[in-house]
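Colleague: The opening position of the sequence shown corresponds to residue 2 in our numbering, with each subsequent residue numbered one higher.
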Amino acid sequence: MDRTDDDLGAEHHPPADGPHGASGLTTGAVARRLGVSPTTLRSWDRRYGIGPAVRDEGRHRRWSPGDVAVLETLCRLTAEGVPPAEAARVAKEAAAAPVPPAPRQQSPAADAGPGPLALGDVRQECRGLARAAVRLDAPVVEELLTVAVEEYGVTVAWQEVMVPTLHAVGRTWESSGDRYVEVEHLLSWHVSTALRRCTRPPAPYGGPTPGPVMLACVPGEQHTLPLEALNAGLSGLGVPTRMLGAAVPAEALTAAVRRLGPSAVVLWAQARSSASLPLARHVADTQWGVQGARRRPQVVLGGPGWAGQPGHGMLRPPTLQEALRILQRGHGATGAR
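1) Whole-angstrom Cβ separation of residue 63 and residue 26, contact assumed at under 8 angstroms?
2) Whole angstroms are fine: how far does the CA of residue 302 sit from the CA of residue 406?
3) Taking residue 243 as part of the beta strand (DSSP E), name the residues at either end of that continuous run.
4) Return the bridge partner residues of residue 303 from the DSSP annotation.
5) On the three-state DSSP scale, how would you describe residue 276?
6) Do residue 329 and residue 249 come within 9 angstroms of each other at the CB atom, strictly closer than that value?
7) Count the CB pairs spanning the stretch 155 to 163 and the stretch 134 to 142 that are closer than 8 angstroms, and state whether there are at least three.
8) Alpha carbon to alpha carbon, what distance is there between residue 289 and residue 269?
9) Start and end of the alpha helix (DSSP H) containing residue 159?
10) Nearest to residue 158 by CA position, among 199, 47, 184 and 311, is which residue?
11) Assign residue 275 to buried or exposed, taking buried as 16 or more other Cβ atoms, counted over all protein chains shown, within 10 Å of its Cβ.
12) Hey, would you say residue 187 sits closer than 9 angstroms to residue 33, going by beta carbons?
13) Could you have a look at residue 135 and say whether DSSP puts it in helix, strand or coil?
14) What is the residue span of the beta strand (DSSP E) that residue 63 lies within?
15) Starting from the C-beta of residue 79, find all residues in its chain whose C-beta is less than 6 angstroms away, skip the five residues before and the five after it, and write them out in chain order.
16) Compute the Euclidean distance between the alpha carbons of residue 1 and residue 171, then round it to the nearest angstrom.
17) From residue 315 to residue 232, what distance separates their C-alpha atoms?
18) Hey, residue 324 and residue 300: beta-carbon distance below 9 angstroms or not?
19) State the Cα-Cα distance for the pair residue 181 and residue 132, rounded to the nearest angstrom.
20) Residue 45: buried (16+ other C-beta within 10 angstroms of its C-beta) or exposed?
21) Considering only the alpha carbon of each residue, which of 94, 183, 306 and 197 lies closest to residue 223?
22) When you compare the CB positions of residue 265 and residue 318, do they come within less than 9 angstroms of one another, or not?
23) Along the chain, where does the alpha helix (DSSP H) that runs through residue 184 open and close?
24) Is the beta carbon of residue 150 less than 9 angstroms from the beta carbon of residue 217?
25) How would you write the range of the beta strand (DSSP E) that residue 217 sits in, first residue to last?
26) Specify the secondary structure class of residue 358 as computed by DSSP and reduced to three states.
27) Since I believe residue 259 is in contact with residue 225 (beta carbons under 8 angstroms), could you give me their beta-carbon distance rounded to a whole number of angstroms?
28) Please work out which residues of its chain come closer than 6 angstroms, Cβ to Cβ, to residue 262, disregarding the five sequence neighbours upstream and downstream, and give them in chain order.
29) So, residue 340 versus residue 36, is the Cβ gap smaller than 9 angstroms?
30) Assuming residue 75 contacts residue 92 (C-beta within less than 8 angstroms), just tell me the rounded distance between them.
31) Using DSSP's beta-bridge definition, name the partner residues of residue 79.
32) Measure the alpha-carbon distance for residue 39 versus residue 31 and round it to whole angstroms.
33) Could you tell me whether the Cβ atoms of residue 360 and residue 255 are closer together than 9 angstroms?
34) Using a 10 Å radius around the Cβ and a threshold of 16 neighbouring Cβ atoms, would you call residue 229 buried or exposed?
35) Residue 27 by DSSP, collapsed to three states: which one?
36) For residue 154 versus residue 246, is the C-beta spacing smaller than 9 angstroms?
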């Protein structure tokens, strides 16, 4: 769990278009691919004549690769600020031209907004999600995230859909003079909402059973999304958790350990400047319980900030799946030391 980028243990798959073949893509598959709603596709068909070339016997819409190419051009232009009607006209003309059209002079509206994100070899869901986020289309962002979690489960959705899109936005924001900051804020908010929606309510804790897993960002650390993903994954496994969130002061960490008696404490550090091994060792040495049967938590270090630091006696799982496996197993294995 050292990194939150797109190689967080996720296996990359070639883009999957869904039901393709000679009959073409369904409207739902095209909507997910482009990051728009099916209603939007039908509206574009009615208003601008951008619709599927084929309908099957049941009159279902089937989109050919050429149809999808026109839609992709339309989405790119509207994301750049071109009015939809103008974007539709240009997209249809480009598709009908025998050779690529000459570069079009961008309008002032196009200059004011960010262009498409460079995502590389990722799932088509990432591309659709990125397009919707650039348009600040919150309802579609919400819908695409919900579909990803329902279809793949929270772990795969986080690693293969949410993380690559978040990092594409972050990289572009860093290199474009803050032009994408509103996109990053909107996307992060809805990713957090999607993760919390699939997290079960915290289970009560008491008695001789192992304590909950405590999740906290180290002091000065504000990146909570990876911990929220871990929290959702543990919830799905039935492991009780206590989420303390961002920038937890050192004294609050040790006070919470004494009060909760957790089976494990996950400390997240995104940056090396915030990853303090003395703090992690102090948490690992914090005890609770009656004299003669004192216990200590297993400390798990998460995030790229801990890379290269010798956390002796502390675990640093390389993937989200490995972190879930360790914490699920260790939940029932806390003992006196």
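We put the CB at the ideal spot given by N, CA and C, even for glycine.
Modeller: In brief:
1) The residue labelled residue 63 in the question sits at position 62 within the sequence shown. The residue labelled residue 26 in the question sits at position 25 within the sequence shown. Indeed, because the Cβ distance is near 7 angstroms, the residues count as touching under 8 angstroms.
2) Missing from the structure shown is residue 406; the chain here goes from 2 to 338 and no further.
3) Reading the sequence shown from its first residue, position 242 is the one you call residue 243. Annotation for residue 243: the continuous beta strand (DSSP E) segment containing it runs 242 to 246.
4) In the sequence shown, counting from the first residue as 1, residue 303 sits at position 302. BP columns for residue 303 point to 269.
5) As a working mapping, residue 276 is identified with position 275 in the sequence shown. DSSP, reduced to helix, strand and coil, places residue 276 outside both helices and strands of the structure shown, so it counts as coil.
6) Here residue 249 is taken as the residue at index 248 of the sequence shown, counted from 1. Here residue 329 is taken as the residue at index 328 of the sequence shown, counted from 1. Going by C-beta atoms, residue 249 is not nearer than 9 angstroms to residue 329.
7) no
8) Working through the sequence shown from its first residue, we reach residue 269 at position 268. Working through the sequence shown from its first residue, we reach residue 289 at position 288. Their Cα atoms are separated by approximately 22 angstroms.
9) Here residue 159 corresponds to residue number 158 of the sequence shown, with the count starting at 1. Where residue 159 is concerned, there is no enclosing alpha helix (DSSP H), given that its DSSP letter is neither H nor E.
10) Your numbering for residue 158 matches position 157 in the sequence shown. Residue 199 is the option with its Cα nearest to residue 158.
11) Within the sequence shown, residue 275 is the residue found at index 274, counting from 1. Residue 275 should be labelled buried.
12) For the purposes of this step, residue 187 is identified with residue 186 of the sequence shown, where counting begins at 1. For the purposes of this step, residue 33 is identified with residue 32 of the sequence shown, where counting begins at 1. Taking 9 angstroms as the Cβ cut-off, residue 187 and residue 33 do not qualify as a contacting pair.
13) Indexing the sequence shown from 1 puts residue 135 at position 134. Three-state result, residue 135: helix.
14) By 1-based counting over the sequence shown, the position of residue 63 is 62. It spans 62 to 64 - the beta strand (DSSP E) in which residue 63 sits, taken as one unbroken run.
15) Within the sequence shown, the letter at position 78 stands for residue 79. Same-chain partners within the cutoff: 85 and 88.
16) Here the chain comprises residues numbered 2 to 338, so residue 1 is not present and cannot be evaluated.
17) Numbered from its first residue, the sequence shown carries residue 315 at position 314. Numbered from its first residue, the sequence shown carries residue 232 at position 231. C-alpha separation (whole angstroms): 19 angstroms.
18) Counting from one through the sequence shown, the residue named residue 324 turns up at place 323. Counting from one through the sequence shown, the residue named residue 300 turns up at place 299. The answer is no: Cβ separation not under 9 angstroms.
19) The residue given as residue 181 occupies position 180 in the sequence shown. The residue given as residue 132 occupies position 131 in the sequence shown. Their backbone Cα atoms lie some 12 angstroms apart in a straight line.
20) In the sequence shown, the residue the question calls residue 45 occupies position 44. When all chains shown are included, residue 45 counts as buried.
21) Indexing the sequence shown from 1 puts residue 223 at position 222. When only C-alpha atoms are compared, the closest one is 306.
22) Here residue 265 corresponds to residue number 264 of the sequence shown, with the count starting at 1. Here residue 318 corresponds to residue number 317 of the sequence shown, with the count starting at 1. Their beta carbons are not under 9 angstroms apart, which means residue 265 does not touch residue 318 by this criterion.
23) Along the sequence shown, one-based indexing puts residue 184 at 183. Segment 182 to 198, the alpha helix (DSSP H) holding residue 184.
24) For the purposes of this step, residue 150 is taken as residue 149 along the sequence shown, with counting starting at 1. For the purposes of this step, residue 217 is taken as residue 216 along the sequence shown, with counting starting at 1. No. Outside cutoff.
25) Locating residue 217 in the sequence shown gives position 216, where the first residue counts as 1. Unbroken beta strand (DSSP E) run through residue 217: 214 to 218.
26) The structure shown has nothing for residue 358, since the chain only spans 2 to 338.
27) Residue mapping note: residue 225 aligns to position 224 of the sequence shown, counting from 1. Residue mapping note: residue 259 aligns to position 258 of the sequence shown, counting from 1. Actually they are not in contact, since the Cβ atoms of residue 225 and residue 259 sit about 23 angstroms apart, beyond 8 angstroms.
28) Taking the sequence shown and counting its residues from 1, the one referred to as residue 262 is at position 261. Result list for residue 262: 212 and 289, in chain order.
29) There is no way to answer for residue 340, as the model of the chain reaches only from 2 to 338.
30) Sequence index remark: in the sequence shown, residue 75 carries index 74 (1-based). Sequence index remark: in the sequence shown, residue 92 carries index 91 (1-based). The pair is a contact, with the Cβ atoms about 4 angstroms apart (cut-off 8 angstroms).
31) Start at 1 with the first residue of the sequence shown, and residue 79 comes out as number 78. Bridge partners of residue 79: none, in fact.
32) As a first step, residue 39 must be located in the sequence shown, where it is residue number 38. As a first step, residue 31 must be located in the sequence shown, where it is residue number 30. About 8 angstroms.
33) The shown model of the chain, from 2 to 338, leaves out residue 360, and the question about it has no answer.
34) To locate residue 229, count along the sequence shown from 1; it is residue 228. By the 10 Å Cβ count, residue 229 comes out buried.
35) The residue you call residue 27 lines up with position 26 of the sequence shown. Strand, per DSSP.
36) Stepping through the sequence shown from its first residue, residue 154 is reached at position 153. Stepping through the sequence shown from its first residue, residue 246 is reached at position 245. Not closer than 9 angstroms, so no.
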